[in-house]
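Set out below in structure tokens:
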């Protein structure tokens with residue numbers, strides 16, 4: 021019986037397995053090898069240097085600066101995104117909001133836009149002279165135009181705010197779908213017992229939605245280790261490297277400096293960081309699954 025099963029399973033799984041090996045495992049393996057070499061991307065064979073690139077990383081202040089910005093995003097973006105998304109989803113699901121479907125589409129709309137288009141759009145919004153935010157700040161009494169992306173103290177937060185704006189809609193829809201699956205009788209029984217909206221959210225919605233929140237945390241944590249498209253479009257890592265992240269540093273080392281071996285070592289470190297964060301997030305947020 022077992023042999024029969026394998027005769028049936030193998031023809032269906034083998035093509036997927038081959039695609040997985042060719043397009044995922046092999047590129048990762050090749051990247052691991054290139055990270056151990058000195059290569060400018062022009063010669064047919066790179067020069068093997070062992071762990072020299074990784075040793076260089078330890079003393080590279082630009083690498084640590086980019087990593088620091090990724091860690092700031094890692095701490096702030098998932099928390100802010102999930103809090104805002106949960107609030108809006110709960111409000112739309114259990115509030116008396118009219119045009120619920122319209123709000124769902126409106127919140128989700130940034131997800132269908134290209135990240136490059138979003139970066140260009142917000143670059144104009146942040147523009148110190150013609151931007152909408154500068155106009156609003158002037159109406160509120162600001163004497164001088166605010167250089168949102170030109171000020172090292174503001175640029176990192178400005179880019180992070182765009183990422184939150186772009187991501188919130190997806191998680192609003194995700195959490196609304198999860199909330200819609202929770203039986204309404206739970207809320208009705210709690211309301212009869214005198215529970216407030218805060219109690220409904222804290223005692224019913226949050227525990228039953230926890231697995232969805234865990235998944236959202238993993239996705240957002242992985243996204244916070246990347247941040248390439250938005251950062252490259254809006255600031256290119258500036259001003260004065262105040263928004264530089266690991267992905268933009270990889271791009272700079274590889275395509276502007278021609279150090280593909282070293283850039284790949286940075287990319288491998290980035291991959292290991294994302295992998296470790298995913299495991300830690302899943303373990304730290306693990307709870308007993310509630311069935312309903």
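Residue numbers (this note's numbering): 21 to 312.
For every residue, glycine included, the Cβ atom is placed at its ideal position computed from N, Cα and C.
Owing to the predicted nature of the structure, the values given are computational and were not obtained by experimental measurement.
(message) For residue 279, count the other beta carbons within 10 Å of its own beta carbon; 16 or more makes it buried, fewer makes it exposed. Which is it?
(response) buried
(message) Given this structure, state the Cα-to-Cα distance separating residue 137 from residue 188, to the nearest angstrom.
(response) 17 angstroms
(message) Restricting to runs no shorter than 4 residues, where is the alpha helix (DSSP H) found entirely within the region 59-104?
(response) 72-78
(message) To the nearest angstrom, how far is the alpha carbon of residue 111 from that of residue 147?
(response) 33 angstroms
(request) Consult DSSP for residue 245 and reduce its assignment to one of helix, strand or coil. (result) coil
(message) Using only CA atoms, which one of 294, 293, 273 and 226 lies nearest to residue 106?
(response) 226
(request) Take residue 21 and list the residues in its own chain whose beta-carbon comes closer than 8 angstroms to its own, dropping the five residues that flank it on each side. (result) Bear in mind that a pLDDT of 47 at residue 21, under 50, signals an unreliable position, so the model cannot answer this.
(message) Just to confirm the assignment: which complete beta strand (DSSP E) runs, minimum length 3, are found wholly within the region 125-201?
(response) none
(message) Can you list, in chain order, the residues of its chain with a C-beta nearer than 8 angstroms to that of residue 237? Leave out the 5 residues immediately preceding and following it.
(response) 98, 102, 301 and 305
(request) Classify residue 133 as buried or exposed, calling it buried when 16 or more other Cβ atoms lie within 10 Å of its own Cβ. (result) exposed
(request) Indicate whether at least one CB of chain D lies closer than 8 angstroms to the CB of residue 94. (result) Structure shown: chain D not included; a single protein chain is present.
(message) According to DSSP, is residue 232 part of a helix, a strand, or is it coil?
(response) helix
(message) When you compare the CB positions of residue 77 and residue 289, do they come within less than 8 angstroms of one another, or not?
(response) yes
(message) Based on DSSP bridge pairs, tell me the residues matched to residue 268.
(response) None; residue 268 has no bridge partner.
(message) So the candidates are 89, 256 and 202; which of them puts its Cα closest to the Cα of residue 223?
(response) 202
(request) Run through the region 24-64 for me and flag every whole alpha helix (DSSP H) of 4 or more residues, listed as ranges in chain order. (result) 46-54
(request) Give every residue of the same chain whose Cβ lies closer than 7 angstroms to the Cβ of residue 293, excluding the five residues on either side of it in the sequence, and list them in chain order. (result) 245
(request) Measure the alpha-carbon distance for residue 31 versus residue 256 and round it to whole angstroms. (result) 47 angstroms
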